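Novice: Structure provided below as structure tokens; questions to follow.
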Amino acid sequence: MYPQLPALRSFKTSGSSSSTDRRLSALVRHLEGSATASSAMNSLNQSSTISASATSGFTAGNSVFAHVDRAPEDPILGVTVAYNKDPSPMKLNLGVGAYRTEEGKPLVLNVVRQAEQLLVNDNSRVKEYLPIVGLADFNKLSAKLILGADRYGIACFM
1 MYPQLPALRS FKTSGSSSST DRRLSALVRH LEGSATASSA MNSLNQSSTI SASATSGFTA
61 GNSVFAHVDR APEDPILGVT VAYNKDPSPM KLNLGVGAYR TEEGKPLVLN VVRQAEQLLV
121 NDNSRVKEYL PIVGLADFNK LSAKLILGAD RYGIACFM
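At position 74 of the sequence shown the residue is numbered 74 (full-length UniProt numbering), and the sequence of numbers has no breaks.
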């Protein structure tokens with residue numbers, strides 16, 4: 001499934017301690033752990049149902065983000081939970097910055113509709129599909145975020 005993976009196995013066994021090598025090693029371990037997803041796709045040829053999800057090989061321990069602490073719950077969202085539980089017909093939800101109609105549907109302000117029309121009518125904007133590899137700047141900055149600024153020679157997995 002990942003033809004470039006054998007070439008990256010050296011990151012797992014090398015004694016190097018650069019942050020890029022450690023991140024690549026974690027990524028390789030994660031990808032190897034998802035081999036069950038590949039076997040699940042192979043079993044599709046033998047069965048009409050899929051027995052595993054695409055993330056079945058994933059566990060929190062082998063994620064490249066395993067060391068990141070979970071952010072605390074946002075207290076403002078608790079206001080909406082309390083609003084939903086309140087039976088009062090006079091209640092107003094002031095917890096989340098979204099306007100609603102009397103029927104509880106999202107209210108789109110006129111200024112927002114005008115801005116949408118400006119975008120729709122702007123013929124200078126590109127309205128084509130992205131290339132198959134996606135948006136180049138997004139790909140580059142995502143790799144920098146995930147692998148760090150000192151990354152080098154990133155292999156593409158498809």
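By construction, the Cβ of each residue, glycine as well, lies at the ideal position given by its N, Cα and C atoms. Model, not experiment: these values are computed from the prediction.
Using CA coordinates, which residue listed in 85, 101 and 79 is at the minimum distance from residue 95?
Specialist: What you label residue 95 is simply residue 95 of the sequence shown in a count that begins at 1. Nearest option by C-alpha distance: 79.
Novice: Considering only residues of the same chain and omitting the five flanking positions on each side of residue 101, which have a CB-CB separation below 6 Å?
Specialist: Numbered from 1 along the sequence shown, position 101 holds the residue referred to as residue 101. Answer for residue 101: 107, listed in chain order.
Novice: On the criterion of 16 or more Cβ atoms from any shown chain inside 10 Å, does residue 82 qualify as buried, or is it exposed?
Specialist: Sequence index remark: in the sequence shown, residue 82 carries index 82 (1-based). Answer is exposed; the Cβ neighbour count stays below 16.
Novice: Could you give the distance in angstroms between the alpha-carbon of residue 104 and the alpha-carbon of residue 76?
Specialist: Looking up residue 104 in the sequence shown gives position 104. Looking up residue 76 in the sequence shown gives position 76. C-alpha separation (whole angstroms): 19 Å.
Novice: Considering only C-alpha positions, which residue in the set 123, 122 and 139 is nearest to residue 163?
Specialist: Because the chain spans 1 through 158 in this model, residue 163 falls outside it and cannot be assessed.
Novice: Near residue 45, which residues of its chain fall below 7 Å by C-beta distance, leaving aside the five closest residues on each side in sequence?
Specialist: By one-based count along the sequence shown, residue 45 stands at place 45. Here the model assigns residue 45 a pLDDT of 43, short of 50, so the residue's position is not dependable, and the following value carries that caveat. Cβ within range, chain order: n/a, list empty.
Novice: DSSP three-state call for residue 106: helix, strand or coil?
Specialist: Taking the first residue of the sequence shown as position 1, residue 106 is located at position 106. If DSSP states are grouped into helix, strand and coil, residue 106 belongs with the strands.
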